[in-house]
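Peer 1: All the letters of the sequence shown, read from the start, carry residue numbers 123 to 385 under the numbering used here. For every residue, glycine included, the Cβ atom is placed at its ideal position computed from N, Cα and C. These numbers were taken from a predicted model, which means no experiment stands behind them. Below: one structure in structure tokens.
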Amino acid sequence: MQPIYFQKAGKLRFTKYVAGVPVVSADNTYFRNGAVQSIAQSITVNTTSLPDGNSDWPAAEVDTGRDGTITLNLSMMPVELYAFLLGVDVKDLSNTPMPIVDEEVVIPSASPFEVTLSHKPDTTRPIVLVGQDASAWVKTANVSAVPATAQYTVSESIAKFNSADAGKSVFLTYDFSALTAQSFGLPKSGSRFAMQCEISGEATGEDESTFYDTAVIIDKCKATGSINPPEQGREPKPQSITLKVLKPRGTNPAVDFKFAPRA
């Protein structure tokens, strides 16, 4: 086989172990990885030196084990993948409360002195509105009446104010009811499953006219170290996930590399 270089980062498939074997099914397999930036594989051979009292050099270098890791760099990380690696399920929710924190609105300088909020507040739950000095304003129950200064009313998604407060910035925190949402939670305690990881990719030969389908099969592994959700901020940042290679089953290779030339 001639030397090759990889054309693409590759795509991954994770399969949970069930009763000691990986079981490919809709419930146990995940392969929607988002945007894969790169996949880096590392094999480390651990050794121990046997000293020789009659020489400046070791008498032998004994292999004591191997460590293998696969680092996944993702430009976008799906919520389902994060939950899968943590061993929890994503739940579909309906009519669930969602918080809106520190929504800034400016009271119009002319009538009507009302603003439309980004969501319809759930008025059965607390609504807090403060001014620029963080002092709380009073919410009045009579939505048809004109609120006094430093007071407000909320009806549907409309907040109304007094004309004396025109032009002021105010800040709200409230809950709204989302029609649909997805959720996953981290349990108080629990254990995660082992996985089989398969990576499919493409490579080009040294002659630049021979092309290969490639596969890397990690018989058993588990995500280790930091498993961080996507960082929240204005600048998107890639996520890195590290998989640790575990002892394979029977005579299976711990990591198997395959290269199939295309016809």
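Which parts of the region 272-330 are runs of the beta strand (DSSP E), unbroken and 3 residues or longer, counting only runs that do not cross its ends?
Peer 2: You should have 273-277, 280-283, 291-305 and 317-327.
Peer 1: Which partner residues does Y334 have in the DSSP bridge list?
Peer 2: According to DSSP, which records beta bridges pairwise, Y334 is partnered with A325 and P383.
Peer 1: Grouping DSSP H, G and I as helix and E and B as strand, with all else coil, what is V201?
Peer 2: In the structure shown, V201 sits in a helix (DSSP, three-state: H, G or I).
Peer 1: Tell me whether F128 sits in a helix, a strand or coil according to DSSP, three-state version.
Peer 2: Residue state, collapsed to three classes: strand.
Peer 1: In whole angstroms, what separates the C-alpha of S285 from that of I229?
Peer 2: When rounded, the distance between both Cα atoms is 9 angstroms.
Peer 1: With burial defined as no fewer than 16 other Cβ atoms inside 10 Å of the residue's Cβ, what is the status of W259: buried or exposed?
Peer 2: With 16 or more other Cβ atoms within 10 Å, it is buried.
Peer 1: When we look at the beta-carbon of G323 and count the other beta-carbons within 10 Å, is it buried (16 or more) or exposed?
Peer 2: G323 comes out buried.
Peer 1: Give me the residue from T346, L365, K342 and T364 with the minimum Cα distance to G372.
Peer 2: When each option's Cα is compared against that of G372, the closest is K342.
Peer 1: What do you reckon, are the CB atoms on G327 and Q124 nearer than 8 angstroms?
Peer 2: Cβ distance < 8 angstroms, so G327 and Q124 count as in contact.
Peer 1: Applying the 10 Å Cβ sphere with the 16-neighbour rule, what's the burial state of T137?
Peer 2: It counts as buried.
Peer 1: From the DSSP output, in three-state form, read off F206 for me.
Peer 2: Helix, per DSSP.
Peer 1: Mapping DSSP to helix, strand and coil, what is A148?
Peer 2: Reduced to three states, the DSSP call for A148 is coil.
Peer 1: Specify the secondary structure class of E226 as computed by DSSP and reduced to three states.
Peer 2: Strand at E226.
Peer 1: With a threshold of 8 angstroms, are at least 3 pairs of Cβ atoms found where one atom belongs to the region 298-310 and the other to the region 210-220?
Peer 2: Verdict: yes, contact present.
Peer 1: Does the Cβ of E183 have 16 or more other Cβ atoms within 10 Å, making it buried, or fewer, making it exposed?
Peer 2: Exposed.
Peer 1: Just checking my contact of L239 with S266 at CB under 8 angstroms: how many whole Å lie between their CB atoms?
Peer 2: Rounded, the Cβ-Cβ distance is 19 angstroms, inconsistent with contact.
Peer 1: Just mark Y296 as buried or exposed, buried being the case when its beta carbon has 16 or more other beta carbons within 10 Å.
Peer 2: Buried, by the Cβ-count rule.
Peer 1: Tell me the rounded alpha-carbon separation between E226 and F235.
Peer 2: Rounded to whole angstroms, E226 to F235 spans 15 angstroms at the Cα level.
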